[in-house]
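S.K.: Protein chains in written order, with our numbering: chain L, 1 to 338; chain Z, 1001 to 1338.
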């Protein structure tokens, strides 16, 4: 059952649990804010729901709290940093902040980070940039969870990529490169629903939308999650992994898999562009408003059915700010017991 | 019927036809090389097959030959340029070259270009960067040809995006944001084949793989091409359009549509990263070889079924260099008659 929790109470619980692990100060504050905000924006899977797992990776020693990232090399407006396997959301926040500093100096800036850990929700860092007037492109690699197009064994991470533009609300695309997460498929299977579009390769070797069959393929060891856009997402996941590994001189997906059982030691890229310097914010807002309106008028009937990227999260944020952040009751009990 | 033409003969024809339109020198040489190379790489739709249409847009005065691009504004490592509605492939070549110069100075460089025209094949500019040791991300907007997810009227361009990394062969992802081009759907309909995955919304309002039905929806005015990855490609097409328009201070897809009947006046973004400075080329090659081998070993049976991005084009290039560039006989007659 979903209950409604005040944002401050979520942040308080996160800080309490982290303090017991000797994480305090700014690092704890960043984690608390990000976990609460992800749930606030309706991305519960990467908010409170994820927190017990996040704490587990600290307790297992996979993630190292209280370290700060280190600059490894600088090439002008692009720098290479080491995340020291520190707290993923803290490191990613630092990296995007540094990319923004470089962009403020050079118009465009980039941080390629190695040896970092799961950043929770990629959109967090797109919003971080957008809310300060920067456009952003960032992505991460991840342990392999899906085969390449035409393949059968997991070779590609779902390597989420984020695009953001400043605005009210910010324009935000945050897309993993598997068409569906495991969670969404399981949800549909439990509800007896078909997926709206194919989500994995079925037993007959063809794309299927049958969520129950997909869960059966997992049990039978024949689980083949489909990339976003099939061959296109497959190619994109490969090149994003290669770019992240090469630019950061860090681990590629396949090496992460060999080394650990979690998304630890992964590679990330953060690009920021000082768009506020390139177009007056008022003009930028007008242009984005026009584009959003035009998109929404692209529906024959109820225009509410077409949303511009970032609109859904904004809507959830407003609703949840008023009514409380939605948290699964069992999850909340687990958090309180941590 | 497909015939085989020597690359030099294609370049010669392109130069002859352009010379008759008073386009010579470097501009003609760039067009000739790009058109021949696109067909050489097996991307015939954006090579020789496209040339008669390309010449048509010059003859109609939509594209202005012999102009050179102009720098409009500079913000450090990112610059805004005006393409003056010149020859798309020439302008895009100049823009990527400038992004590479900026990257050579600053580690990363970006050109945002407005008022430019159809660049033919996006992969051309990814390869241009990769072959000189730069990683690249570039994209273009285009006239709206597909509805947003949930919409019914065309609102989004297929806004191709390119990712490239230097290597032998270069890693190259060149993806339009419609899952299929109109040409591919028509090809399947004519051959009586189903598409391998859904390509458009069918008459019942759901995604369909029935190529014939999709062509029927076009005739009935209910044509709804599906974005790559459904809602994901829809969001991505929107943000790429917005970013290109905002960074270049140029036209967004919807404004291009209002102004002209072709992809003229469009906006493009070119990002280059001096990766050769960040990792020794030998080390880069080793890493990419490992990644490609790992990907290919992801198939239970014949590993040839899994290709890394860029491998297909490389294979076609080698074959066609030996056997001649494949050109449709009717197209070749049309080119000779221009």
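For every residue, glycine included, the Cβ atom is placed at its ideal position computed from N, Cα and C.
No experiment lies behind these values; they were computed from the predicted model shown.
Can you list, in chain order, the residues of the stretch 151-176 of chain L whose Cβ is nearer than 7 Å to any Cβ on chain Z?
M.R.: Of all residues in the stretch 151-176 of chain L, 151, 152, 153, 155, 163, 165, 171, 173, 175 have a Cβ within less than 7 Å of some Cβ in chain Z.
S.K.: Going by DSSP in three states, residue 268 of chain L sits in which element: helix, strand or coil?
M.R.: Within the first chain, residue 268 of chain L is the residue found at index 268, counting from 1. Of the three classes helix, strand and coil, the one that applies to residue 268 of chain L here is strand, per DSSP.
S.K.: Residue 1060 of chain Z by DSSP, collapsed to three states: which one?
M.R.: Along the second chain, read from residue 1 onward, the residue named residue 1060 of chain Z stands at position 60. DSSP places residue 1060 of chain Z in coil when its eight states are reduced to three.
S.K.: Which partner residues does residue 109 of chain L have in the DSSP bridge list?
M.R.: Here residue 109 of chain L is taken as the residue at index 109 of the first chain, counted from 1. Beta-bridge pairing links residue 109 of chain L to L:272.
S.K.: According to DSSP, which residues form a beta bridge with residue 174 of chain L?
M.R.: Here the question's residue 174 of chain L lines up with position 174 in the first chain. DSSP, once it has assigned bridges, lists L:162 as partnering residue 174 of chain L.
S.K.: The alpha helix (DSSP H) that contains residue 210 of chain L, what's its start and end?
M.R.: Position 210 of the first chain holds residue 210 of chain L. Careful: residue 210 of chain L lies outside any alpha helix (DSSP H) and carries neither H nor E.
S.K.: On a CA-only basis, which of L:331, L:156, L:51, L:322 is nearest residue 7 of chain L? Give me that one, please.
M.R.: Position 7 of the first chain holds residue 7 of chain L. Checked all of L:331, L:156, L:51, L:322; the closest Cα to residue 7 of chain L is L:322.
S.K.: Identify the continuous alpha helix (DSSP H) that holds residue 1070 of chain Z and give its terminal residues.
M.R.: For the purposes of this step, residue 1070 of chain Z is identified with residue 70 of the second chain, where counting begins at 1. Here residue 1070 of chain Z belongs to no alpha helix (DSSP H); instead the beta strand (DSSP E) covers 1070-1075.
S.K.: Is it buried or exposed, residue 1013 of chain Z, if we count other Cβ atoms within 10 angstroms and call 16 or more buried?
M.R.: Here the question's residue 1013 of chain Z lines up with position 13 in the second chain. Looking at its Cβ environment, which holds 16 or more other Cβ atoms inside 10 Å, residue 1013 of chain Z is buried.
S.K.: Measuring only between beta-carbons, confirm whether residue 285 of chain L sits less than 8 Å from chain Z.
M.R.: In the first chain, residue 285 of chain L corresponds to position 285, counting from 1. Not closer than 8 Å to any Cβ of chain Z, the Cβ of residue 285 of chain L fails to qualify, so no.
S.K.: Answer yes if the stretch 1206-1213 of chain Z comes into contact with the stretch 1151-1160 of chain Z, meaning at least three C-beta pairs across the two stretches below 8 Å, and no otherwise.
M.R.: Because the criterion of three Cβ pairs below 8 Å is not met, the stretch 1151-1160 of chain Z and the stretch 1206-1213 of chain Z do not touch.
S.K.: Go ahead and label residue 93 of chain L buried or exposed: buried means 16 or more other beta carbons lie within 10 angstroms of its beta carbon, across all protein chains shown.
M.R.: In the first chain, the residue the question calls residue 93 of chain L occupies position 93. Under this definition residue 93 of chain L is a buried residue.
S.K.: Measure the CB-CB distance between residue 1235 of chain Z and residue 309 of chain L and report whether it falls below 8 Å.
M.R.: Numbered from 1 along the second chain, position 235 holds the residue referred to as residue 1235 of chain Z. Numbered from 1 along the first chain, position 309 holds the residue referred to as residue 309 of chain L. Taking 8 Å as the Cβ cut-off, residue 1235 of chain Z and residue 309 of chain L qualify as a contacting pair.
S.K.: Grab me the residues of residue 176 of chain L's own chain with a C-beta within less than 6 Å of its C-beta, minus the 5 sequence neighbours each way, in chain order.
M.R.: Taking the first residue of the first chain as 1, we reach residue 176 of chain L at position 176. 158, 160.
S.K.: Quick one: is residue 106 of chain L near chain Z, going by C-beta distance under 8 Å?
M.R.: Along the first chain, read from residue 1 onward, the residue named residue 106 of chain L stands at position 106. Chain Z contact via Cβ: present.
S.K.: Given a limit of 7 Å on CB to CB distance, which residues of the stretch 223-236 of chain L reach chain Z?
M.R.: Within the stretch 223-236 of chain L, the residues whose Cβ lies closer than 7 Å to some Cβ of chain Z are 228, 229, 230, 232, 233, 235, 236, listed in chain order.
S.K.: For the stretch 302-323 of chain L, which residues have a CB atom closer than 8 Å to at least one CB atom of chain Z, in sequence order?
M.R.: So the list reads 305, 306, 307, 308, 309, given in the order they occur along the chain.
S.K.: Examine the Cβ distances between the stretch 1034-1045 of chain Z and the stretch 1098-1118 of chain Z and report whether three or more of them are shorter than 8 Å.
M.R.: Result no; under three Cβ-Cβ pairs closer than 8 Å.
S.K.: If I measure Cβ to Cβ from residue 1055 of chain Z and keep anything under 7 Å in the same chain, skipping five residues before and after, which residues do I get?
M.R.: Translated into positions along the second chain, residue 1055 of chain Z becomes position 55. If we look at residue 1055 of chain Z and ignore the five residues flanking it on each side, its Cβ neighbours are 1017, 1338.
S.K.: What are the residues in the stretch 264-286 of chain L lying within 7 Å of chain Z by C-beta distance?
M.R.: Per Cβ criterion, the list reads 273, 274, 275, 277, 278, 279, 284.
S.K.: Short of 9 Å Cβ to Cβ, which residues in the stretch 1076-1095 of chain Z face chain L?
M.R.: Against chain L - using a Cβ distance shorter than 9 Å - the residues of the stretch 1076-1095 of chain Z are 1076, 1077, 1078, 1079, 1080.
S.K.: Can you tell me whether residue 100 of chain L is helix, strand or coil according to DSSP?
M.R.: The count along the first chain starts at 1 and reaches residue 100 of chain L at position 100. Here residue 100 of chain L sits in helix by DSSP.
S.K.: Give, in chain order, every residue of the stretch 34-53 of chain L whose Cβ lies closer than 9 Å to some Cβ of chain Z.
M.R.: Answer in chain order: no residues at all.
S.K.: What does a CB cutoff of less than 7 Å around residue 3 of chain L pick up in its chain, not counting 5 residues either side in sequence?
M.R.: Position 3 of the first chain, counted from the first residue, corresponds to residue 3 of chain L. Answer for residue 3 of chain L: 327, 329, 332, listed in chain order.
S.K.: So with CB distances below 7 Å, who are the chain L contacts of residue 1179 of chain Z?
M.R.: On the second chain, residue 1179 of chain Z is found 179 positions in, with the first residue counted as 1. What residue 1179 of chain Z touches in chain L: 229.
S.K.: Check the Cβ of residue 1254 of chain Z against every Cβ in chain L and list those closer than 9 Å, keeping chain order.
M.R.: The count along the second chain starts at 1 and reaches residue 1254 of chain Z at position 254. Chain L residues near residue 1254 of chain Z: 290, 291, 294, 295.
S.K.: Compare the C-alpha of residue 269 of chain L against each of L:146, L:15, L:99 and name the closest.
M.R.: The residue you call residue 269 of chain L lines up with position 269 of the first chain. Checked all of L:146, L:15, L:99; the closest Cα to residue 269 of chain L is L:99.
S.K.: Consult DSSP for residue 196 of chain L and reduce its assignment to one of helix, strand or coil.
M.R.: For the purposes of this step, residue 196 of chain L is taken as residue 196 along the first chain, with counting starting at 1. Reduced to three states, the DSSP call for residue 196 of chain L is coil.
S.K.: Can you confirm whether the stretch 1216-1223 of chain Z touches the stretch 1161-1173 of chain Z when touching is taken to mean that 3 or more C-beta pairs between the two stretches lie within less than 8 Å?
M.R.: Cβ pair count under 8 Å is below three, so no.
S.K.: Which stretch, first to last residue, makes up the alpha helix (DSSP H) that contains residue 239 of chain L?
M.R.: Taking the first chain and counting its residues from 1, one reaches residue 239 of chain L at position 239. Residues 231-248.
S.K.: Of all the options Z:1031, Z:1138, Z:1281, Z:1141, which has the alpha carbon lying nearest to the alpha carbon of residue 972 of chain Z?
M.R.: Outside the shown range of chain Z (1001 to 1338) lies residue 972 of chain Z, about which nothing can therefore be said.
S.K.: How should residue 1 of chain L be labelled, buried or exposed, when 16 other C-beta atoms within 10 angstroms of its C-beta is the threshold for buried?
M.R.: Numbered from its first residue, the first chain carries residue 1 of chain L at position 1. It is exposed - the Cβ of residue 1 of chain L has fewer than 16 other Cβ atoms within 10 Å.
S.K.: What is the residue span of the beta strand (DSSP E) that residue 1332 of chain Z lies within?
M.R.: One-based indexing of the second chain puts residue 1332 of chain Z at position 332. No beta strand (DSSP E) holds residue 1332 of chain Z; the alpha helix (DSSP H) holding it covers 1329-1337.
S.K.: In its own chain, which residues sit with a C-beta less than 7 Å from the C-beta of residue 72 of chain L, not counting the 5 before and 5 after it?
M.R.: Reading the first chain from its first residue, position 72 is the one you call residue 72 of chain L. Answer for residue 72 of chain L: 80, 81, 82, listed in chain order.
S.K.: Look up residue 140 of chain L in the DSSP assignment and give the residues it is bridged to.
M.R.: By one-based count along the first chain, residue 140 of chain L stands at place 140. In the DSSP output, where bridge partners are listed per residue, residue 140 of chain L has L:268.
S.K.: Below 8 Å between beta carbons: does that hold for residue 1142 of chain Z and residue 1263 of chain Z?
M.R.: By one-based count along the second chain, residue 1142 of chain Z stands at place 142. By one-based count along the second chain, residue 1263 of chain Z stands at place 263. It is a contact, given that the beta carbons lie within the stated cut-off.
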